[in-house]
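A.B. asks: Sharing a structure with you now.
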Amino acid sequence: MGPGQAKGRGWWRRNLVGLIAIVPMMVAVLATNWNSLYWQVWKSEPRLALNTAPQAWVPFSGAEMRLVEFGPAGNLTGSGNRPVTLPKGVTAWKAVVEFKAPDQESVAGCEIRLEDSQGRLYGLGADEISGVRGQTFITCTKPSEQDSTDYRTTMVFVTPEGVKPVAVQIRWVPLYPRFVRLNVPQ
-9 MGPGQAKGRG
1 WWRRNLVGLI
11 AIVPMMVAVL
21 ATNWNSLYWQ
31 VWKSEPRLAL
41 NTAPQAWVPF
51 SGAEMRLVEF
61 GPAGNLTGSG
71 NRPVTLPKGV
81 TAWKAVVEFK
91 APDQESVAGC
101 EIRLEDSQGR
111 LYGLGADEIS
121 GVRGQTFITC
131 TKPSEQDSTD
141 YRTTMVFVTP
151 EGVKPVAVQI
161 RWVPLYPRFV
171 RLNVPQ
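Counting in our numbering, the sequence shown runs from -9 upward without gaps.
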């Protein structure tokens, strides 16, 4: 810029009107879509638990289910009926869930988790127990070779020592925010 030339307006001055106008436009968009946004966020997580007492049936997703057995998993065996030794600081838990599911498609695609007293969740298939025998199948549908729609699923979970399990959760993403929470006996 030479002597006598005026300096041009800066970026902030050139865009001030647009910057001021963007605030009410954002408010208007959020206000008109708030209900839709709220429900999309609400339905994206499991928030509404169907709690049951131990051994009680709970109807959900066209089926009934209940926790029939829960406790420490002792005498875990692997291939060749050899005992599986867990690493130090780890506890294995066994859960048996019974299903009455005439419509197998209604229970397909479930997620099963163990919940502890602090709200932490533990999934199935931990490396420490990958070779354990006796886990029938880890899903909510019946084994293909079984004809009856009344069946049991045996699961083994692994947690750090000292964890206090409180429930087995069964979830289906399309049915969020509802999910099943099978309380363990205390």
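Positions of the beta carbon are idealized from the N, C-alpha and C atoms, including for glycine.
Out of curiosity, what's the CA-to-CA distance linking W47 and E54?
C.D. replies: 6 Å
A.B. asks: Assuming the contact rule is C-beta atoms closer than 8 Å, P167 and R37 should be a hit. Round their C-beta distance to whole Å, please.
C.D. replies: 4 Å between Cβ atoms; contact.
A.B. asks: Spell out the partners DSSP gives L20 in its beta bridges.
C.D. replies: Partner(s): none; L20 has no beta bridge.
A.B. asks: Pairs of beta-carbons, one from the segment 131 to 150 and one from the segment 72 to 91, closer than 8 Å: are there three or more?
C.D. replies: yes
A.B. asks: Keeping to the same chain, check which residues put their C-beta closer than 7 Å to that of K90; ignore five residues upstream and five downstream.
C.D. replies: Excluding five sequence positions before and after K90, the CB atoms of its chain that fall closer than 7 Å to its own CB belong to A53, E54, T139, D140, given in chain order.
A.B. asks: Could you tell me whether the Cβ atoms of I128 and G115 are closer together than 8 Å?
C.D. replies: Against a cut-off of 8 Å, the Cβ pair of G115 and I128 comes out as a contact.
A.B. asks: With DSSP collapsed to three states, give me the class of E135.
C.D. replies: coil
A.B. asks: For V58 and L66, which I take to be in contact (beta-carbon distance under 8 Å), what is that distance rounded to the nearest angstrom?
C.D. replies: Wrong, their Cβ atoms sit about 19 Å apart, outside the cutoff.
A.B. asks: What residue does the alpha helix (DSSP H) around R3 start on, and which one ends it?
C.D. replies: Element bounds for R3: 1 to 4.
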